[in-house]
Structures are given as C-alpha cells and as structure tokens.
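If you read the sequence shown in my numbering, its first letter stands for residue 195, the second for the next number, and so on.
What follows is a short report on a single structure.
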Amino acid sequence: MDLAEHPGFQQGLREFRAGEFYPCHDSLEAVWMTAAEPDKTFIQGILQIAVACYHLGNGNRQGTLILLGEGLKRLRDYQPDYAQIDVTALVRSSAVLLGQIQQLSDGDLPQVCDWVRGDHRHWPLVIAPSGAPPAPILLNLPVLNGL
C-alpha cells in the first residue's frame, strides 16, 4: 500500500494537525513498525518531530531539542516532497522552531508550553480538495513570534 494512502498514516497526520502529539506518535509508530525503507525512515522523522512537540508542551526543552534535530536529519533527504507531504516546508519550519527553542530563556519556557498545549489552528495541514491533482500536504510547525 502506498504510504500516502495508508489509514494509520492518515490518522497520524490528522492527530499532528490537531496538536495531539502523543496519539500521533502511537498511530505513526504502528505504521512504522511494519514499514519498509524508504518509508520507515521518513515515518521515523515525522514521529521524532511529533514527540519533540509533545516534549515542548511538557516543558522538556532538552528532549525537544534532541528530537527536533534527529527528525530534521532524517527528513532532509526526502525533500521536496514525499508521500504527499511537503517535506521542504516541514524541514524549514522545524529548523526555525529548533532555532527559536535554542534561544529561549528558561523563564520563557512555561509560556511556550501553554501555547503548544493550546489552540492548534497554527499547525496547518493542507490537503488538496477532492478532485484536484494531489498536492503535497503541508505540515508546518509554528514560529514563536507574537507569544
């Protein structure tokens, strides 16, 4: 089955969009366990970014930094898009988020945690309308401007 059409993969993307990073991890891990390369490494990269966001929402700065970096390393070779995901946009937004987290003071972290756990309309997932040619899905991470 094509990864882009896999129900578990689609479920994980919906959970990512909703900011449900722990369930996203569970959904994508189930797909990852049976995937073959090159899908396996791609899924692992998205998993690591989702878990990084989960850590960020819980104030685990070190876990956030490590997993964002690892996820970025795994996804870079899949640009510009893979499995109908706009990987370039995900890599770019993840790198921006990583840089911003690196620059935060410890005093700023609780505010960021509250923001990540809040309204997730800033985590867009854009899917082409039905009937349109397949367009890459956009999994953008937020930038921390305006907090």
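Where a beta carbon is used, it is the ideal one built from N, C-alpha and C, also for glycine.
Given the structure is predicted, the values throughout are model-derived calculations rather than measurements.
The alpha helix (DSSP H) enclosing residue i, as first and last residue numbers
i: histidine 219; result: 215–228
i: glutamate 264; result: 255–269
i: leucine 298; result: Where leucine 298 is concerned, there is no enclosing alpha helix (DSSP H), given that its DSSP letter is neither H nor E.
i: glutamine 242; result: 233–251
Rounded separation between residue i and residue j - CA only
i: leucine 291; j: glutamate 199; result: 28 Å
i: threonine 235; j: cysteine 247; result: 19 Å
i: leucine 284; j: alanine 212; result: 16 Å
i: valine 306; j: asparagine 252; result: 10 Å
i: valine 225; j: aspartate 271; result: 20 Å
i: valine 281; j: aspartate 300; result: 30 Å
i: leucine 262; j: leucine 298; result: 15 Å
i: methionine 195; j: serine 221; result: 16 Å
i: glutamate 214; j: phenylalanine 203; result: 14 Å
i: leucine 241; j: glutamate 223; result: 7 Å
i: alanine 230; j: isoleucine 260; result: 25 Å
i: alanine 322; j: aspartate 275; result: Residue placement at alanine 322 is poorly supported in this model, since its pLDDT is 28, which falls under 50; the coordinates still yield a value, given next. Taking the straight line joining both Cα atoms gives about 14 Å.
i: alanine 277; j: proline 201; result: 13 Å
Assigned secondary structure, residue i (DSSP; H/G/I helix, E/B strand, else coil)
i: aspartate 280; result: strand
i: aspartate 196; result: coil
i: phenylalanine 210; result: helix
Chain-order list of residues whose beta-carbon lies under 7 Å from that of residue i (same chain, five-residue window excluded)
i: threonine 258; result: Ala246, His249, Leu250 and Ile295
i: glycine 239; result: Gly265, Arg268 and Leu269
i: cysteine 218; result: Gly206, Glu209, Phe210 and Ala244
Same chain, Cβ closer than 6 Å to residue i, neighbours up to 5 away in sequence not counted
i: tyrosine 216; result: Tyr248
Any chain D beta carbon closer than 8 Å to residue i
i: phenylalanine 215; result: Protein chains in the displayed structure number just one, and chain D is not present.
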